[in-house]
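Using the working numbering, you'd call the opening residue of the sequence shown number 563 and step up by one each time. No residue lacks a Cβ here, since even glycine has one placed at the ideal position from N, Cα and C. As the structure is a computational prediction, the values presented were derived from the model and not from experiment.
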Amino acid sequence: MSTVLVTGGTGYIGSHTCVELLNNGYDIIIVDNFCNSSPDVAGRIEQITGKKVKLYKCDLCYDVEKLDEIFKENKIDAVMHFAGLKSVSESIKFPILYYENNVFGTVNLCKAMEKHNVKKIIFSSSATVYGTSSFAPYDETMPIGDVSNPYGRTKYIVEKLFEDLCNSDALWNVVILRYFNPIGAHESGLIGESPKGIPNNLMPYISLVAAGKLDTLTIFGKDYDTPDGTCIRDYIHVIDIAKGHVCALSGITKLSGVNAYNLGTSKGTSVLELINAFQKMTSRKVRCTFGERRKGDIPVVYANADKAYKELGFKAEYGIEKMCIDAWRWQCNS
Ligand code: NAD
Ligand code: UD1
563 MSTVLVTGGT
573 GYIGSHTCVE
583 LLNNGYDIII
593 VDNFCNSSPD
603 VAGRIEQITG
613 KKVKLYKCDL
623 CYDVEKLDEI
633 FKENKIDAVM
643 HFAGLKSVSE
653 SIKFPILYYE
663 NNVFGTVNLC
673 KAMEKHNVKK
683 IIFSSSATVY
693 GTSSFAPYDE
703 TMPIGDVSNP
713 YGRTKYIVEK
723 LFEDLCNSDA
733 LWNVVILRYF
743 NPIGAHESGL
753 IGESPKGIPN
763 NLMPYISLVA
773 AGKLDTLTIF
783 GKDYDTPDGT
793 CIRDYIHVID
803 IAKGHVCALS
813 GITKLSGVNA
823 YNLGTSKGTS
833 VLELINAFQK
843 MTSRKVRCTF
853 GERRKGDIPV
863 VYANADKAYK
873 ELGFKAEYGI
883 EKMCIDAWRW
893 QCNS
């Protein structure tokens, strides 16, 4: 297996995964509509790896003929599917946009793959699919689907779509990766996360406050049933997430049907612990204040990551300190 089509490859997680794929000898073809990224990222991936990247501007929802051409022009062995919209708050305001982009876009991709007999795909899902009916540590045997927002439901629906596809045709081979909380950036400082406008997620917010671009971080809730009263999450370095994809790709041929794996560290970190680690590692002050709980937040979320280790040989390497240093280096370069 040598050529991987990467949808959303100029985005945050896609770009880091492209670097790991190229470093591991795969050729890549990026397909992106740049709605949340820039074509310049492809040049940065080339700069980091010293390898060529093939880049197509193509929208999975609207450029169906172009997508067909891309599959015709290239010999593609497998697909990694990152393209999607990812803001929970935006999905509550614009559910149709989210269902259209994330579900319809995936349907179009699967149609093109089926037509060109490419039946191996690795899909970016989220720990959010576990919803509220189970408790940490989350493992893959737990039920999914009790999700409280449209974004999470699109991930659940696409997971089910892949299940149906694999039931209909034994030649399909799907790995679903449920990410916990990816943070950090590439050590080169050349690629990282660039949220548009004011970020919703904690790490980009911390970085912007530390950089003086935002005034104060509001910590959502201080009375949770956790040791310091703030929510706990399983933060995982984006490079580890990228490496998890390479492990999934080398493991996919030994698997059959659809298989889901958590990508996490199995370790929980509270909001206050993350802020303190960031301050310590960067020697910057992060001004913060306590506010109300954010609606929909689950107090404690962390993975049981054993299945990915046992079946794919994947184990996250990096700790919270490196995540903070790398996020800050990227912030300083942005
Ligand atoms: P991102 O926004 O940085 O990257 C997504 C990329 O997909 C962008 O480059 C965007 O331009 C592109 N894209 C979106 N819709 C498209 C379309 N219709 N056609 C072509 N390109 C399109 O997001 P990310 O953080 O890299 O996330 C990648 C995937 O991982 C997403 O599916 C996201 O839902 C999932 N995920 C992310 C997180 C996280 O915390 N970042 C957590 C769990 C799951
Ligand atoms: C959020 C999404 C989740 C998505 C994930 C990654 C919600 C309810 N969940 O998860 O579906 O998969 O992002 O994109 O939005 N926090 C603050 N102040 C802030 C921002 C965050 O205190 O300004 C706290 C939150 O309350 C939470 C923790 O920091 O406890 C992490 O928040 P965030 O980075 O948004 O990730 P999740 O809530 O895990």
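> Terminal residues of the continuous beta strand (DSSP E) containing M642?
Replying inline: That run of the beta strand (DSSP E) goes A640 to H643.
> Cα-Cα, which of K847, Y660 and S686 is closest to N743?
Replying inline: In this structure, S686 is the residue among K847, Y660 and S686 with its C-alpha nearest to the C-alpha of N743.
> Can you give the beta carbon distance from Y880 to D802, rounded, assuming they're within the 8 Å contact cut?
Replying inline: Yes, they are in contact, since the Cβ atoms of Y880 and D802 sit about 6 Å apart, within 8 Å.
> Say the cut is 6 Å; is the CB of S649 nearer than that to a heavy atom of the ligand NAD?
Replying inline: Checking the Cβ of S649 against the ligand NAD gives no.
>> For D701 and A865, what's the separation of their Cα atoms in angstroms?
In response: Between the C-alpha atoms of D701 and A865 there is a straight-line separation of about 6 Å.
> Three or more beta-carbon pairs under 8 Å between the segment 570-588 and the segment 728-736, yes or no?
Replying inline: Cβ pair count under 8 Å is below three, so no.
> In whole angstroms, what separates the C-alpha of V669 from that of K681?
Replying inline: Near 13 Å, if we compare the C-alpha coordinates of K681 and V669.
>> Within 8 Å, do at least three Cβ pairs link the segment 764-783 to the segment 710-724?
In response: No contact exists between the segment 710-724 and the segment 764-783.
> Once you ignore the five residues that flank Y624 on each side, which residues in its own chain have a CB closer than 7 Å to its CB?
Replying inline: There are no such residues.
>> Only counting the same chain, and skipping five residues up and downstream in sequence, which positions put a Cβ closer than 8 Å to that of A665?
In response: The identity of residue 665 in the sequence shown is Val, whereas the question assumes Ala. Cβ within range, chain order: T716, I719, V720 and L723.
> Relative to the ligand UD1, is the shortest distance from any of its heavy atoms to the C-beta of V566 smaller than 6 Å?
Replying inline: Not under cutoff, so the answer is no.
> Opposite Y618 in the DSSP bridges: which residues?
Replying inline: Listed as beta-bridge partners of Y618 by DSSP are V593.
> From what residue to what residue does the alpha helix (DSSP H) around F840 run?
Replying inline: That run of the alpha helix (DSSP H) goes V833 to T844.
>> In the DSSP output, what is H799 paired with across the bridge?
In response: In DSSP, H799 forms a bridge with I745.
> Are three or more beta carbon pairs between the segment 604-613 and the segment 635-643 nearer than 8 Å?
Replying inline: Segment contact: the segment 604-613 against the segment 635-643, fewer than three CB-CB distances shorter than 8 Å; contact not assigned.
>> I'd like the list of long-range same chain contacts for R856, defined as Cβ closer than 8 Å, with 5 residues on each side in sequence excluded.
In response: Excluding sequence neighbours, R856 sits near F782 and G783.
>> Quick check on Y700: does DSSP put it in helix, strand or coil?
In response: Three-state DSSP puts Y700 in a strand.
> Y574: which of A804, S688 and T694 sits nearest, CA to CA?
Replying inline: Measuring from the Cα of Y574, the nearest candidate turns out to be A804.
>> In whole angstroms, give me the CA-to-CA distance for S653 and L659.
In response: Between S653 and L659, the C-alpha separation is close to 8 Å.
> Per DSSP, what kind of secondary structure is S769 in: helix, strand or coil?
Replying inline: S769 carries a helical assignment under DSSP once its states are collapsed to helix, strand and coil.
>> Just to confirm my understanding: we take I844, look at its own chain, exclude 5 residues before and 5 after, and list those with CB closer than 6 Å. What are they?
In response: Here residue 844 is Thr; the residue named in the question, Ile, does not match the sequence. Counting only Cβ-Cβ distances below 6 Å, and skipping sequence neighbours, we find W890.
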